[in-house]
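Chemist: Below you'll find the structure I mean.
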């Protein structure tokens, strides 16, 4: 045994820190002096740092493989019996190691980025490297001082480790965190570009073009990570759903929202030179959100928000966030003149402006802080305080900015340099709306996620927000974004002709009206009624409004899917028509026979596999879909790949949107979810949603480390046997008291049958089952695959003009095949369905017996207040502690039996335990802030968009107006410049 | 080793060779050890190799900083100017023209609007190009003047050279012993070795 190994590991971390600090210094020096050798030294320093990180990771892997249980981390997350594959996954199984893993992925990015930069963007390079190094240093400090994976156990080496949590030992858990991390970490690269642009003052479209691929890559992995997270929750956790609005899930979702907003808004800057401040802010916000997300997941506060930032690691994150904010805020203020397109040669004037901007910005913030503090001390109701504080803050911010703005535009011809907007009916405008909606949604999720902190600050009660609240509010917000996605596509850049717009609305409009009529008429018959009334989350007017809106969600969701899908198909039809008109459509026409051949092969193959399909309709749908797809695919892919790269980005984006349509289609299925609980004796039948379930009886199996009890259920539908499902309980020898729940599922395009077995009585063989019918869930995974494919199309490297078409096509085909394979792999990997208690948390463990829908709605709005669990909902919590969920449920059942209404019971419960015992914050007093603040902010944002549009329009009308007659005259005759222009236009897209 | 024959001071390994050597050696050693002794030992080999690599990289970085290593000439070149406001405007105008064209092609902008927008943006792009040309004109004139003066200088130089060449034979430092023409600054005859009479 290598005695000094722990010391060696610690020294490695110090080496990384040292190398990173050295590189940071050298690169800043390179940036400041422009010395070539300093830049090259910085590049090599960056490579060196990256390699040191790799050494540290390999060293930790060595410690796992050689079972060096002197290391606390190794002893905690592995044991001698673990297979070697899981020993490697243990690298990110716990907090300390996952930070090192974070750092490792970051350093992979740094290596790739420095390599990619090569001789490009020589001015930005030093600061890009410096920023990335600063992030590396932060993680090093974090590990060295607070979460060192090489730290030794106080008690010395143990004989054997504790082993990795079985929950983590499965396929999705292996790939889901790393893919999410890849997305998280990837957001650092665009952030580094933004910082470099700010420091050098090169704030034109350069940095945006430079980091576009990096942004898209990170975005794609955020999407993949979130989807895999959903899959994992769905397959493993056994509570019948895929998204629970857990703080951790929200933390992963929020950067995705800001990154989506950024991906859209940069296009405006590229074309108009507008929104420079906004884009910088979005990039920084995305980075902030990723750090915030890591903070939420890794500060030891995963299961609940109650122990928020209490471990020491949280403090480091908070300081890092504060430091980053101060740095970025100052930098943005310093670059204010450039960001507002203010150009002058008068250096002294610029300097005054910079100082003014920085001073105003900071004093503005300075004024706000004591102001808010003073407001909270005022003798008035909490709601009034919140509103007053927001108004005060807003006013201070606005005044500050206005002063800076006036100062900048003081006696300078500024207006004429402002870019302008021709028309409101343009894509620019819809992109603004998109940003507004996405950020509004972000704010909503952010406020709800951090509400425990906010509510404690406001009223001293930590109120945690549960899924019912989100589910009620998210439907209107999500559908607004979704509808904007479809409508925005119909608009063109600059200006859309109203006649063309009307024409574009016709086909999708007809499609959607036909669909709505059909849905209203046939929906109920097919089991998908158009209107579904649920429970109101609040009493009173607001509750009624939300409930009425949400009742229409199925209809709205479905019809928007149809509308958006039709819009995108129409977009592609228009593309192909335009290509045909211009003669480009003939290229690759030879692919039609190829497609036909594929189609025939696909049909033949499917006919041979006829037996494996559960029903004739499913078979028909798949045959038609597959043959059409195979027919169109070759020509379609060829066209996509041979498009010039700007168009390819656009149509790749449309494919992403198409994928999102399917995802929303799947989400809509949530409205028709059926949840049942039943107890069955052997050979008893149970009918639910057209399924006939027959309980065949219990079955027991044994293996080396567990006892497995299955409750076999034969499933038939319409009289034909579909198969046997075997939900199970696994009793591990190591943890005999907490049996794990094994979900068993039957997937189909229509719905998933999701079975969980509760208790099985060994004497009577009677078993209790939870049965969930989750309609349309498969479509979510399908949509995610299309989304990944679309983003790969958008990111596909530009084909150099020198490359031949054949080469370009084969590259394209390779890319398409690779992406499809990846997608299918992700979707169809047969993963054993596990579900089990995680450490001390009782999150989603075991099964809860719920007798009817009324109980379900009551239990899901109350929290378990036993004090041992993480205040889970009574509908999921399984605590047996005194005063725990089981006792509570019994008590509540008695109240129901005594004839009390749900509202009465909730009120009594709240009086007994305080508002924090509710999963939906009550609609009164300061608790209103949870939805009032986002809504007010969304409204204010809307007003801001309107003001912005008016300002842009006014600049377009006033100064350029005089040049209008000239243009109409100039259009008639061509001159030399026209030829030059045509030439440059030809070269623009290569 | 072949290089051992040369004196030790001449023995040098450049960075690329060392880096390639370390990586190849590490991978080979790691795989071999992995097959023979198992994964743990292989990981140790990788740790060693990567550590050597990291040290090499940092060392090379320090050498570059100290000026001992070659610097990529691309970094030496004068830093590229940030695209000027005019360049940006031109790029945007071109982008807009392209967008308008595409949107017209797929039918988002009808013919009348297209004509107006296209004309306006063409005009704008032309204005920007003209403006760029105008800002470039002084430089162009300067460049031309420089070329002109350079050409003149060269013409003068060639003339002078030709004259010098014509005059050269007279200035040849012929050897007094064997009559071989020698360079003017030669001290001894290149044929017979006799001392030449100094002219200066």
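Residue numbers (this note's numbering), protein chains in the order written: chain B, 1 to 990; chain Y, 1 to 200.
For glycine and all other residues, C-beta sits at the position ideal for the given N, C-alpha and C.
Taking residue 574 (chain B) as the query, report the chain C residues whose CB atoms sit under 7 Å from its CB, ordered along the chain.
Modeler: Annotation note: the requested chain C is absent from the structure, which comprises protein chains B and Y.
Chemist: Go ahead and pull the three-state DSSP assignment for residue 911 (chain B).
Modeler: For the purposes of this step, residue 911 (chain B) is taken as residue 911 along the first chain, with counting starting at 1. Residue 911 (chain B): helix per DSSP, three-state reduction.
Chemist: Below 8 Å on the Cβ atoms is my contact criterion, and I expect residue 537 (chain B) with residue 472 (chain B) to pass it. Report the Cβ-Cβ distance as a whole number of Å.
Modeler: As a working note, residue 537 (chain B) is residue 537 in the first chain. As a working note, residue 472 (chain B) is residue 472 in the first chain. Confirmed, about 5 Å.
Chemist: Cutting at 6 Å between CB atoms, please list the residues of its own chain near residue 913 (chain B), excluding the five before and the five after it.
Modeler: As a position in the first chain, residue 913 (chain B) is number 913, starting the count at 1. For residue 913 (chain B), where only same-chain residues beyond five positions count, the Cβ hits under 6 Å are 865.
Chemist: Please report the residue range of the beta strand (DSSP E) in which residue 538 (chain B) lies.
Modeler: Mapped onto the first chain, residue 538 (chain B) falls at position 538. Taken as a continuous stretch (DSSP letters only), residue 538 (chain B) belongs to no beta strand (DSSP E), as it is neither H nor E.
Chemist: On the DSSP bridge assignment, give the partners of residue 757 (chain B) in chain order.
Modeler: Counting from one through the first chain, the residue named residue 757 (chain B) turns up at place 757. Partner(s): B:769.
Chemist: Any beta carbon from chain Y within less than 8 Å of residue 533 (chain B)'s own beta carbon?
Modeler: Locating residue 533 (chain B) in the first chain gives position 533, where the first residue counts as 1. Not closer than 8 Å to any Cβ of chain Y, the Cβ of residue 533 (chain B) fails to qualify, so no.
Chemist: Which of the three DSSP states is assigned to residue 326 (chain B) in this structure?
Modeler: Here the question's residue 326 (chain B) lines up with position 326 in the first chain. Residue 326 (chain B) falls in the helix class under three-state DSSP.
Chemist: Rounded to the nearest angstrom, what separates residue 151 (chain Y) and residue 347 (chain B) at their Cα positions?
Modeler: The residue you call residue 151 (chain Y) lines up with position 151 of the second chain. The residue you call residue 347 (chain B) lines up with position 347 of the first chain. Their backbone Cα atoms lie some 39 Å apart in a straight line.
Chemist: Within 10 angstroms of its Cβ, does residue 593 (chain B) collect 16 or more other Cβ (buried), or is it exposed?
Modeler: Counting from one through the first chain, the residue named residue 593 (chain B) turns up at place 593. The residue in question, residue 593 (chain B), is exposed, as its Cβ has fewer than 16 Cβ neighbours within 10 Å.
Chemist: Within the same chain, show all residues whose beta-carbon is closer than 6 Å to that of residue 350 (chain B), passing over the 5 residues directly before and after it, in chain order.
Modeler: Sequence index remark: in the first chain, residue 350 (chain B) carries index 350 (1-based). Excluding positions up to five away in sequence, the list reads 337.
Chemist: Taking buried to mean at least 16 other C-beta atoms within 10 Å of its own C-beta, is residue 582 (chain B) buried or exposed?
Modeler: Here residue 582 (chain B) is taken as the residue at index 582 of the first chain, counted from 1. With fewer than 16 Cβ atoms within 10 Å of its Cβ, residue 582 (chain B) is classed as exposed.
Chemist: What number of angstroms, rounded off, separates the C-alpha of residue 980 (chain B) from the C-alpha of residue 123 (chain Y)?
Modeler: Counting from 1 along the first chain, the entry for residue 980 (chain B) is found at position 980. Counting from 1 along the second chain, the entry for residue 123 (chain Y) is found at position 123. When rounded, the distance between both Cα atoms is 13 Å.
Chemist: What does a CB cutoff of less than 6 Å around residue 27 (chain B) pick up in its chain, not counting 5 residues either side in sequence?
Modeler: Indexing the first chain from 1 puts residue 27 (chain B) at position 27. Closer than 6 Å at Cβ, skipping near neighbours: 42, 126, 129, 130.
Chemist: Would you mind stating whether residue 185 (chain B) and residue 111 (chain B) have Cβ atoms separated by less than 8 Å?
Modeler: Counted from its first residue, the first chain places residue 185 (chain B) at position 185. Counted from its first residue, the first chain places residue 111 (chain B) at position 111. No; because the gap between Cβ atoms is not below 8 Å, this pair is not in contact.
Chemist: What residues are listed by DSSP as bridge partners for residue 706 (chain B)?
Modeler: As a working note, residue 706 (chain B) is residue 706 in the first chain. Paired residues: B:732.
Chemist: By the criterion of Cβ-Cβ separation under 8 Å, what are the contact partners of residue 110 (chain Y) in chain B?
Modeler: On the second chain, residue 110 (chain Y) is found 110 positions in, with the first residue counted as 1. Correct list: 497, 499, 500.
Chemist: Kindly list, in the order they appear in chain B, the residues whose Cβ is closer than 8 Å to that of residue 88 (chain Y).
Modeler: As a working note, residue 88 (chain Y) is residue 88 in the second chain. 204, 205, 273, listed in chain order.
Chemist: Can you give the beta carbon distance from residue 136 (chain B) to residue 16 (chain B), rounded, assuming they're within the 8 Å contact cut?
Modeler: Position 136 of the first chain holds residue 136 (chain B). Position 16 of the first chain holds residue 16 (chain B). That pair is a contact at about 7 Å.
Chemist: Closer than 7 Å between beta carbons: that is the criterion. Which residues of the segment 90-123 of chain B meet it against chain Y?
Modeler: The residues in question are 119, 122, 123.
Chemist: Taking the alpha-carbon positions, what's the residue 432 (chain B) to residue 443 (chain B) distance?
Modeler: Taking the first residue of the first chain as position 1, residue 432 (chain B) is located at position 432. Taking the first residue of the first chain as position 1, residue 443 (chain B) is located at position 443. Each residue's alpha carbon lies about 16 Å from the other.
Chemist: Compile a chain-ordered list of the residues in the segment 29-60 of chain B whose CB is closer than 7 Å to at least one CB of chain Y.
Modeler: If the cut-off is 7 Å between Cβ atoms, the segment 29-60 of chain B has 34, 36, 37, 38, 39, 40, 41, 44, 45, 47, 48, 51, 52, 54, 55, 58, 59 near chain Y.
Chemist: Grouping DSSP H, G and I as helix and E and B as strand, with all else coil, what is residue 842 (chain B)?
Modeler: By 1-based counting over the first chain, the position of residue 842 (chain B) is 842. Note on residue 842 (chain B): pLDDT 30, under 50, position unreliable in the model; the coordinate value appears next. Residue 842 (chain B) falls in the coil class under three-state DSSP.
Chemist: Taking only beta-carbon positions, decide if residue 46 (chain Y) is within less than 8 Å of chain B.
Modeler: Against the second chain, residue 46 (chain Y) aligns to sequence position 46. Closer than 8 Å to some Cβ of chain B, the Cβ of residue 46 (chain Y) qualifies, so yes.
Chemist: Considering only the beta carbon of each residue, do residue 743 (chain B) and residue 754 (chain B) sit closer than 8 Å?
Modeler: Against the first chain, residue 743 (chain B) aligns to sequence position 743. Against the first chain, residue 754 (chain B) aligns to sequence position 754. Yes, they are a contact pair.
Chemist: With H, G and I counted as helix, E and B as strand and the rest as coil, what does DSSP make of residue 240 (chain B)?
Modeler: For the purposes of this step, residue 240 (chain B) is identified with residue 240 of the first chain, where counting begins at 1. Three-state result, residue 240 (chain B): coil.
Chemist: Suppose the cutoff is 6 Å on Cβ atoms and the five residues either side in sequence are ignored; what does the same chain contact list for residue 190 (chain B) look like?
Modeler: Counting from one through the first chain, the residue named residue 190 (chain B) turns up at place 190. Result list for residue 190 (chain B): 211, 214, 215, 283, in chain order.
Chemist: Does the distance from the CB of residue 109 (chain Y) to the CB of residue 497 (chain B) come in under 8 Å?
Modeler: Taking the second chain and counting its residues from 1, one reaches residue 109 (chain Y) at position 109. Taking the first chain and counting its residues from 1, one reaches residue 497 (chain B) at position 497. In contact: residue 109 (chain Y) and residue 497 (chain B) (Cβ atoms closer than 8 Å).
Chemist: Taking 8 Å as the threshold (C-beta atoms), are residue 26 (chain Y) and residue 54 (chain Y) in contact?
Modeler: Start at 1 with the first residue of the second chain, and residue 54 (chain Y) comes out as number 54. Start at 1 with the first residue of the second chain, and residue 26 (chain Y) comes out as number 26. For residue 54 (chain Y) and residue 26 (chain Y), no; Cβs fall outside 8 Å.
Chemist: Kindly list, in the order they appear in chain Y, the residues whose Cβ is closer than 8 Å to that of residue 9 (chain B).
Modeler: Counted from its first residue, the first chain places residue 9 (chain B) at position 9. Simply none; closest approach about 10 Å.
Chemist: Taking 8 Å as the cut-off, does the segment 647-663 of chain B touch the segment 604-611 of chain B (at least 3 CB pairs, one atom from each stretch)?
Modeler: Touching, no, given that fewer than three Cβ pairs across the two stretches are closer than 8 Å.
Chemist: Which one or two residues does DSSP pair with residue 774 (chain B) in a beta bridge?
Modeler: Here residue 774 (chain B) corresponds to residue number 774 of the first chain, with the count starting at 1. According to DSSP, residue 774 (chain B) bridges with B:752.
Chemist: Does the count of Cβ pairs from the segment 487-506 of chain B and the segment 422-429 of chain B closer than 8 Å reach three?
Modeler: Judged by Cβ distances under 8 Å, the segment 487-506 of chain B makes contact with the segment 422-429 of chain B, as three or more pairs qualify.
Chemist: For residue 688 (chain B) and residue 674 (chain B), which I take to be in contact (beta-carbon distance under 8 Å), what is that distance rounded to the nearest angstrom?
Modeler: As a working note, residue 688 (chain B) is residue 688 in the first chain. As a working note, residue 674 (chain B) is residue 674 in the first chain. Right, their Cβ atoms sit about 6 Å apart.
Chemist: Interface residues of chain Y around residue 248 (chain B) at Cβ under 9 Å?
Modeler: In the first chain, residue 248 (chain B) corresponds to position 248, counting from 1. Simply none; closest approach about 32 Å.
Chemist: Taking its Cβ as the centre, do 16 or more other Cβ atoms sit within 10 Å of residue 468 (chain B), making it buried, or is it exposed?
Modeler: Residue mapping note: residue 468 (chain B) aligns to position 468 of the first chain, counting from 1. Result: buried.
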